[in-house]
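Taken in sequence, the protein lines are chains C and P.
Mapping the first sequence onto our numbering, position 37 (from 1) lands on 200, and the numbers just tick up by one.
Mapping the second sequence onto our numbering, position 256 (from 1) lands on 264, and the numbers just tick up by one.
The C-beta atom is built at its ideal place from N, Cα and C for all residues, glycine as well.
Presented below is the structure to which this report refers.
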Amino acid sequence: MKTLNNKSSFIVKLQEVGLQRVLAPAALVLLYIFFGIFGRNFFSYDTLVNILDSSYYIGFIAIGVTFVIITGGIDLSVGTVMMAAAIIGGTAYKSWAWPMWASLLLILGVGVAFGYINGLLVSRLKLPPFIATLGTMMISMGVGSIVANVRSATFPTRASDDGWFKSIFKLINDNGFSVPTGALVLFGVAVIAWIILTKTKMGRYIFAIGSNKEAARLSGVNVQRWEMMAYVIAGATAGIGGIAFAAVYTTVMPAQGQGFELYAIAGAVIGGTSLSGGIGSVFGTLIGVYIMSVLRAGLPSMDLQAHYQTFFTGVVVIGAVLLDIYRNDKASEVKIQKGEKVSTNNEKTKLS
Amino acid sequence: MKISKKIGVVLIVLVLLTVFALPTFAAGQKDGGKPYIAIVSKGEQHDFWQQVKLGAKDAAAKYAVDMTFEGPASESDVQDQVDMLNSAMAKNPVAIALAALDTNSVMDQLQATKDKGIPVIGFDSGVPNAPAGSIYANAATNNFNAAGVAAEKMFDVIKSKIEAATAAKPVTIVVMNQDAAGESLLSRGKGFRDTMVDLIISKTGLSAGDIKVMGNTAYIDSKNPTSGDKVAIYMVVPASASMTDTTAAATAVLNKVKSESVLGVFCSNEATVKGLLAATNDGADLPGKYPGLVVIGFDAGAAQKGAVRNQYFLGSITQDPYRIGYLALELAYKAYKGEKVEDVDTGAKFYDYTNMDNDDIKGLLYD
């Protein structure tokens, strides 16, 4: 009886530490090993670079969308805003002859502007986030196409004069050896986001709003302002994502980006962010993004085509959410047991 | 407790599904020891690409190589194609066949394959403007020759009318070109034009001095006869590739059928075919209003196939995707073996209502 109690208390302890915090990274490592065994040439530097390369654009917007989801909202526009920003920047460079640095700043600016609009719609005009960002998703897609005149925008290639910006995300030296510097940028942004979320007033308020908006408001939190900031951050990361996309893929086609937001949301969910708000972490999201990226690179290495990725990502998302429910369920069970214990103790005292 | 048990069961099912599904999906596809050739296409969705894939598969079986064939879901998904190419390169292939959606996007990759000495074969439209030396050869339709086939087919039918042409009663042959910029379309227009000129000179009593090539200047070379007064070859380019402009251009041509005795119209791609069909009530007006007018199209598509089946069109030219795929893999294999490879014409076929349902043609005609 005693050993049983000890065992269950060990599990309880593990759950308190956060089962999911351990599970998601463990799943990532297991997947990597799995593909390493069964994939063709998966344990290689090239593949690692590919995994990192293809994670940037989803990675950045996933970090941004984590902020919004923690407030209890949702941002469906991040994917199309990212692509609209990239194509507008590309058009500025190609058609309006802007210098490269100004075009890159414009990409960031467009992202922030759309984030600001989302924030206004949700926090001031009280639109439901789903509807507001659904609208801006379509608007941003349209704006991108209108500005670009429905033509694709081609950024300079590495060999040309303005190709320097590609080195921010991937450094290739003269021997053809490539360094995925974009991973450092992504980690850098993640660390900044983590500091904002856990070490600043803004982060605490964002969590507070997500846990209970009314309680946060009654405690004197400026809900409108901080809710808005979450969307602005999502917009800014969409802008950075746009730059990363332009650097990695060079050509941006019009009316793209639909569906990227769902991968970003999936990444956040796999990483343990709760869609009901108040729970979430930046590094969890990053793990979620890398799980999808490993699938993306790993399935083709087993000669399975890339669209199997969507299938297995779906499986992973459902699995992750189920685990979350399972964990919460267990947690509430424990509480009841504690209660019972207390009552039996009471009975005992009564009896005695 | 009950809920968590249920969830536990579902979780186990999911895990089992993943563990068992993956190797099952992958079974039979992995084949160690054989050289591996990766094919990255522009897509897989159209019948056209399925034929390319079939051809590549057969060639892979013949040369006993391991082959993968993949392409993005849509021809706008440039980033998917780049990721696919990256994955393919990471698998250490001995050669790669590539039909790039966008050359600029794969510049780094082509440089990398060049540095590593992995041969890359272009297919379909290939990889235009690739870094020098990265593309070993291309397997693509020779558009000049393909359009030449159309000229031959049309000439057979209108030969007697051309012979009857006089200065007082000249005849006209029209070539509808979507634009004057794309290399493949320029080749088609010129291929039709030059073949027709040669045929008229060699097979009728007329000489070069009787022929006049007119219309869009991009389609007129200095060697072309431009001062004849018996046969005019009219190179038409609409204001834009949009449906309304191609339709307007077709209407303008049709209005001249009687006054300038237009004998034939060659539409060099699907867009101009669609324009002509829109101007003629899906082709139904052709036999009644313009009797004797010979129309030849290019490629396929449901509307064009209908026009050919109903004999509104004499026929159309189709490319040969099966051979494109087969030759792409063959070239890749030969390049890997160190043999010298050069560009190959994958050929084109003429189809009309009599042969369009034959097995060798049917597969080439997409909807």
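query: Are residue 336 of chain P and residue 47 of chain P touching if we call contact CB-CB under 8 Å?
result: yes
- request: Identify whether residue 282 of chain P lies in helix, strand or coil by the three-state DSSP scheme.
  value: helix
Residue 252 of chain C beta carbon less than 8 Å from that of residue 226 of chain C: no
- prompt: Counting pairs of Cβ atoms below 8 Å between the region 375–391 of chain C and the region 202–222 of chain C, do you hit three or more?
  reply: no
task: Rounded to whole angstroms, what's the CA-CA distance from residue 239 of chain P to residue 258 of chain C? Just pull it up for me.
output: 44 Å
Close-in-space but distant-in-sequence residues of the same chain around residue 201 of chain C (CB under 7 Å, 5 per side omitted): 465
task: Under 8 Å by Cβ, that's how I've got residue 221 of chain P and residue 234 of chain P pegged, so tell me the actual separation to the nearest angstrom.
output: 6 Å
- request: Find out if the Cβ-Cβ distance for the pair residue 90 of chain P, residue 394 of chain C is shorter than 8 Å.
  value: no
Cβ separation of residue 118 of chain P and residue 103 of chain P, assumed to be a contact under 8 Å, to the nearest whole Å: Between residue 103 of chain P and residue 118 of chain P the Cβ distance is about 13 Å, and since that is not below 8 Å, they are no contact.
message: Would residue 316 of chain C and residue 254 of chain C qualify as a contact pair, given that the criterion is a beta-carbon distance under 8 Å?
response: yes
query: Would the beta-carbon of residue 366 of chain C fall within 8 Å of that of residue 360 of chain C?
result: yes
Per-residue DSSP class, three states only, for residue 311 of chain P: helix
- request: Can you tell me which of the three DSSP states residue 301 of chain P falls into?
  value: coil
field: Sequence-distant residues of its chain with Cβ nearer than 8 Å to residue 299 of chain P (five each side left out)
entry: none
message: At the level of alpha carbons, what is the spacing between residue 105 of chain P and residue 192 of chain P?
response: 20 Å
Reference residue 110 of chain P; option with closest CA among P:126, P:133 and P:128: P:133
Alpha helix (DSSP H) runs wholly inside the region 214–243 of chain C, at least 4 long, in chain order: 219–233
- prompt: Is it true that the CB of residue 303 of chain C sits closer than 8 Å to the CB of residue 371 of chain C?
  reply: no
query: Three-state secondary structure (DSSP) at residue 277 of chain P?
result: coil
task: With a threshold of 16 other CB atoms inside 10 Å of the CB of residue 389 of chain C, please say whether the residue is buried or exposed.
output: buried
- prompt: Which residues mark the beginning and the end of the beta strand (DSSP E) in which residue 45 of chain P is found?
  reply: 44–48
message: Taking the straight line between their C-alpha atoms, what separation do you get for residue 67 of chain P and residue 338 of chain P?
response: 6 Å
query: Going by the beta-carbon positions, is the gap between residue 182 of chain P and residue 270 of chain P smaller than 8 Å?
result: yes
- request: At 7 Å on the CB atoms, spell out the chain P contacts of residue 468 of chain C, in chain order.
  value: 78
query: So the alpha helix (DSSP H) residue 339 of chain P belongs to, where does it begin and stop?
result: 329–344
message: Can you check which of these residues, P:86, P:72 and P:61, is closest to residue 3 of chain P by C-alpha distance?
response: Chain P is shown only over 9 to 375; residue 3 of chain P falls outside these bounds and no answer can be derived.
message: Counting only Cβ pairs nearer than 9 Å, list the residues of chain C close to residue 353 of chain P.
response: Within 9 Å Cβ-Cβ: nothing; residue 353 of chain P doesn't reach chain C, min ~29 Å.
- request: With a cut-off of 8 Å on the beta carbons, I'd call residue 345 of chain C and residue 219 of chain C a contact; round off their distance for me.
  value: 5 Å
- prompt: What first and last residue would you give for the beta strand (DSSP E) that runs through residue 74 of chain P?
  reply: 74–78
task: Taking 8 Å as the threshold, find out whether the region 397–412 of chain C comes into contact with the region 271–286 of chain C through three or more Cβ pairs.
output: yes
- request: Starting from residue 146 of chain P, follow the beta strand (DSSP E) in both directions and report where the run begins and ends.
  value: 143–148
field: Helix, strand or coil at residue 238 of chain P according to DSSP, with G and I counted as helix
entry: coil
message: In whole angstroms, give me the CA-to-CA distance for residue 369 of chain P and residue 459 of chain C.
response: 37 Å
query: Mind checking residue 101 of chain P: buried by the 16 CB within 10 Å criterion, or exposed?
result: buried
- prompt: Alpha carbon to alpha carbon, how far is residue 417 of chain C from residue 86 of chain P?
  reply: 11 Å
task: Pick out the complete alpha helix (DSSP H) segments inside the region 369–398 of chain C, 4 residues or longer, and give them in chain order.
output: 376–381
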